[in-house]
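Asks:
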């Protein structure tokens, strides 16, 4: 089942190519922070400025045949993920416990593969 989400506020993008450093593209409210250790990556994106925000949307893809996982760290954590190496990016919608605070994502991508992920907030 496919679902379209209206992008309300870009939260930030992060990626890695050819085993290099993790690149961060800031969202509408400033740059995200990142901490990486092997395949484990923690990204904190700035809070939404829209009080009607309900969810964070994560789109992600990675190379290789392994799987990846992303956990939204909050009072009620939610882990999403799927297989790498598919033609289309995976899209996940995660309800936020704290709609006014920054959002931290703990990502586990294969250490030797490329990945790309984008996050944004929505009021849906």
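Residue numbers (this note's numbering): 81 to 204. Ideal Cβ placement from N, Cα and C applies to all residues, glycine included.
1. With H, G and I counted as helix, E and B as strand and the rest as coil, what does DSSP make of residue 151?
2. Report yes or no: do three or more beta-carbon pairs, one from the stretch 171–181 and one from the stretch 147–159, lie closer than 8 Å?
3. Residue 198 and residue 139 - do their beta-carbons sit closer together than 7 Å?
4. Report the rounded CA-to-CA distance for residue 145 versus residue 124, giving the unit in angstroms.
5. Could you check the C-alpha separation between residue 169 and residue 129 for me, to the nearest Å?
6. Is the Cβ-Cβ distance between residue 136 and residue 183 less than 7 Å?
7. Please classify residue 185: is it buried, with 16 or more other beta-carbons within 10 angstroms of its beta-carbon, or exposed?
Replies: In short, the structure shows the following:
1. strand
2. yes
3. yes
4. 27 Å
5. 26 Å
6. yes
7. buried
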